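*Asks:*
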Amino acid sequence: MDQLTGFQRDLLYVIAGKDRPSGQEILDDINRYIDQPVTHGRLYPNLDTLVEKELVEKGQLDRRTNYYALTPKGQRVLQRRQEWVDQYVDV
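Taking full-length UniProt numbering, I'd label the letters of the sequence shown as residues 1 to 91.
1. Which residues share a DSSP beta bridge with Asn66?
2. I need the straight-line Cα distance from Gly6 to Gln87, nearest angstrom please.
3. Below 6 Å CB to CB, which residues in the same chain sit around Val51 once its five sequence neighbours on both sides are set aside?
4. Quick one, which of Leu70, His40, Gln3 has its alpha-carbon nearest Val14's?
5. In chain order, what residues of the same chain have a beta carbon less than 6 Å from the beta carbon of Ile26, not counting five sequence neighbours either side?
6. Using only CA atoms, which one of Leu61, Gln82, Asp35, Val56 lies nearest to Leu11?
7. Please report the residue range of the alpha helix (DSSP H) in which Gly23 lies.
8. My guess is that Tyr67 and Leu61 are in contact by the Cβ rule of under 8 Å, so how many angstroms apart are they, rounded?
Here it is in structure tokens:
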């Protein structure tokens with residue numbers, strides 16, 4: 001997790017909070033959170049990096065739409081990150 005960018009960590013949280021979201025759903029959610037609009041050109045290379053790191057799996061919903069889901073490794077990494085954050089932040 002420590003080698004991911006903040007944006008990639010945010011993507012993991014969005015994916016974890018949804019049931020197999022499409023790239024467009026992820027983009028819509030992240031754009032509600034980030035001040036500057038995120039483009040497809042920024043989103044998809046970062047999703048591909050998460051897939052390459054085996055934190056996220058990518059599958060097909062239909063011929064034009066892919067879905068993304070956390071892998072077991074991605075779930076473990078995100079859980080460890082959340083436990084680390086929780087020890088410092090009590091919101």
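By construction, the Cβ of each residue, glycine as well, lies at the ideal position given by its N, Cα and C atoms. Every value quoted in this text rests on a predicted model; they were computed, and no experiment measured them.
*Replies:* Straight from the coordinates:
1. Beta-bridge pairing links Asn66 to Gln60.
2. Straight-line measurement puts the Cα of Gln87 at about 19 Å from the Cα of Gly6.
3. Take Val51, set aside five residues on each side of it, and the residues of its chain with a beta-carbon closer than 6 Å to its own are Lys58, in chain order.
4. Among Leu70, His40, Gln3, the Cα nearest to that of Val14 is on Leu70.
5. Correct list, in chain order: Val14.
6. Here the closest residue by C-alpha is Val56.
7. Here the alpha helix (DSSP H) through Gly23 covers 23-33.
8. Taking a contact as a CB-CB distance under 8 Å, the pair Tyr67 and Leu61 counts as one, their CB atoms being some 5 Å apart.
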